[in-house]
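Undergrad: Have a look at this one before I ask anything.
Residue numbers (this note's numbering): 89 to 226.
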């Protein structure tokens, strides 16, 4: 993997390091973790002062039914939650919102607009939803 160092910041663009790595896949037995997940988890666990990790976008790392199966989504988010607990780092999982002609009017609509199964929102500690608003409303 190519790494770019700037002080303590280490940025690894995974697509440049061999392409997106699926960490989670589904087979006839259900959702499974891959060797790539074990590798990245082991590497991150060895960083003593790790503070932040981002896997962007989430869908590139989970070849499971995030959009339709809450069990799959909960499995994936629980694995990332375990990584956060084990390392003490914040784990960010950027994901997309549905594109609609009308922006969310409240928190409930924003929650519903987060693309995928409710298992994604339910499986994380905090979800930020960002959308444009007109200047007068802002």
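Ideal placement from N, C-alpha and C gives every residue a C-beta, glycine not left out.
1. Whole-angstrom Cβ separation of residue 162 and residue 112, contact assumed at under 8 Å?
2. If contacts are defined as beta-carbon pairs under 8 Å, then residue 141 and residue 132 qualify, I think. What distance do you get, rounded to the angstrom?
3. Between the Cα of residue 222 and those of 192, 196 and 136, spot the shortest distance and give me the residue it belongs to.
4. My understanding is that residue 121 touches residue 165, with C-beta atoms under 8 Å, so please give their C-beta distance in whole angstroms.
5. If you drop the 5 nearest sequence neighbours on each side, which residues of the same chain put their C-beta closer than 6 Å to that of residue 215?
6. Can you grab the Cα-Cα spacing for the pair residue 33 / residue 109, in whole Å?
7. Please report how far the alpha carbon of residue 139 lies from the alpha carbon of residue 181, in whole angstroms.
8. From residue 179 to residue 102, what distance separates their C-alpha atoms?
9. Using a Cβ-Cβ cut-off of 6 Å (strictly less than) and excluding sequence neighbours within five positions of residue 89, which residues of its own chain qualify?
10. Could you check if residue 59 is buried or exposed, using at least 16 other CB atoms within 10 Å of its CB as the buried criterion?
11. Are residue 218 and residue 183 close, meaning C-beta to C-beta below 7 Å?
12. How is residue 141 classed by DSSP in three states: helix, strand or coil?
13. Using a Cβ-Cβ cut-off of 8 Å (strictly less than) and excluding sequence neighbours within five positions of residue 201, which residues of its own chain qualify?
14. Measure the beta-carbon distance from residue 199 to residue 171 and round it to whole angstroms, keeping in mind my assumption that it falls under 8 Å.
TA: So, from the data block:
1. Rounded, the Cβ-Cβ distance is 11 Å, inconsistent with contact.
2. 6 Å
3. 192
4. Their Cβ separation, rounded to whole angstroms, is 13 Å, which puts residue 121 and residue 165 out of contact at 8 Å.
5. 209
6. The chain is shown from 89 up to 226; residue 33 falls before or after that span and cannot be answered.
7. 15 Å
8. 16 Å
9. Here the model assigns residue 89 a pLDDT of 49, short of 50, so the residue's position is not dependable, and the following value carries that caveat. Only 100 and 105 meet the Cβ criterion.
10. In the structure as shown, the chain begins at 89 and stops at 226. Residue 59 is therefore absent and cannot be evaluated.
11. no
12. strand
13. 185, 186, 188, 192, 217 and 219
14. The pair is not a contact, with the Cβ atoms about 24 Å apart (cut-off 8 Å).
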